Amino acid sequence: MLLVQSEDLNVLVQELSKKNPNPQLIKNKADVLGIPYSSDLIILMSEVLVFLSQNDHKKSIMKEKPL
208 MLLVQSEDLN VLVQELSKKN PNPQLIKNKA DVLGIPYSSD LIILMSEVLV FLSQNDHKKS
268 IMKEKPL
């Protein structure tokens, strides 16, 4: 059961990390995980995850460049 929830959570996070997430998939996974569905909350989580992924990408580029 925990493994299935972990897979559902991974799918939800991956979908939220996209710039154009599939709202039906997000709603289904949120329902399965018992997360209250709110379109405003989903938009906020998606924007935060996109920002964090872009920020991590910038950090990795900075680390690769020799000083």
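In the working numbering, the protein residues as written are 208 to 274. Quick reminder that beta carbons are idealized off the backbone N, C-alpha and C, glycines included. Here the structure is a predicted model, which means the values were calculated and not measured.
Query                                                                                                                                                                    : Result
Considering only the alpha carbon of each residue, which of 259, 248, 255 lies closest to residue 230?                                                                   : 248
To the nearest angstrom, how far is the alpha carbon of residue 246 from that of residue 234?                                                                            : 9 Å
In whole angstroms, what separates the C-alpha of residue 213 from that of residue 242?                                                                                  : 14 Å
Going by C-alpha distance, which of 257, 260, 217 is nearest residue 236?                                                                                                : 217
Please list, in chain order, all residues of the same chain as residue 228 whose beta carbon is under 7 Å from its beta carbon, the five residues on each side excluded. : 222, 253
Should residue 219 be labelled buried (16 or more other beta-carbon atoms within 10 Å of its own) or exposed?                                                            : buried
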